[in-house]
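Take a look at the structure below.
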Amino acid sequence: MAAPGVLTDTSVIIDFLRKRDKRNSALWRIRESHVCFMSSVTLFEWQCGAVTERHSEDIGKLAKWIGTIPFDDEIAGISSIIYRRLKREHTLIEFRDIFIAATAIAENLCLATLNTKHFKRIEEIDLLEIQSAENKNVRL
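Add 242 to a position in the sequence shown, counting from 1, and you land on the number used in our numbering.
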């Protein structure tokens with residue numbers, strides 16, 4: 243049986259990039275039991291944040307084992323529905339987070355994030371809540 247898929251949020255990628263020992267990262271633990279994907283929005287965010295040579299090398303490694311899901315018309319439509327609802331409820335979050343959440347919904351993937359605060363506002367999303375390696379209460 244194939245491992246379930248999961249969309250990795252930017253926070254999970256940042257955790258990976260910051261760890262010298264990649265095996266201590268949340269992403270490393272997630273990929274042991276899931277097939278990992280990322281939104282093209284996440285790809286944009288972490289390429290913008292790769293300021294060191296080591297980060298650029300790590301991004302190259304990541305690209306080999308994380309599939310990228312492009313932003314398309316379906317995701318744009320789901321994003322607009324989420325945006326309008328959150329705006330109406332006065333609980334708006336960043337556009338990029340809306341795009342990432344909409345990608346997970348469109349692809350029927352749970353979202354792995356270290357920051358659930360904003361994503362919990364989106365009822366349709368299934369969150370895979372994880373903790374950094376320093377916190378022993380890891381839920382995968």
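By construction, the Cβ of each residue, glycine as well, lies at the ideal position given by its N, Cα and C atoms.
Model, not experiment: these values are computed from the prediction.
field: Residue nearest to R273 in terms of C-alpha spacing, selected from E349, A346, T333 and L304
entry: L304
Item to complete: Return the bridge partner residues of I311 from the DSSP annotation.
Response: S281
| message | I need the DSSP call for T345, collapsed to helix, strand or coil. | response | helix
* Asked: Roughly how far, in whole angstroms, is the beta-carbon of D386 from the beta-carbon of A354, given that I think they are within contact range, below 8 Å?
  -> There is no way to answer for residue 386, as the model of the chain reaches only from 243 to 382.
Taking Cβ to Cβ, would you say L328 is nearer than 7 Å to T310?
-> Contact annotation: L328 and T310 have beta-carbon atoms that are not nearer than 7 Å.
(message) For a test of the three-state rule: what should DSSP assign to A245, helix, strand or coil?
(response) coil
Nearest-angstrom Cβ-Cβ length linking L351 and L249, presumed shorter than 8 Å = 4 Å
- prompt: How close, in whole Å, do the beta carbons of A343 and I324 come, if the pair is a contact with beta carbons under 8 Å?
  reply: 6 Å
- Task: Could you please give the first and the last residue of the uninterrupted beta strand (DSSP E) stretch that includes L353?
- Result: C352 to T355
Only counting the same chain, and skipping five residues up and downstream in sequence, which positions put a Cβ closer than 7 Å to that of G247? H276, V277, F279 and L351
Exercise. Within its chain, find whatever has a CB closer than 7 Å to the CB of I367; leave out the 5 residues flanking it on each side and keep chain order.
Key: A343, A346, I347, L353 and F361
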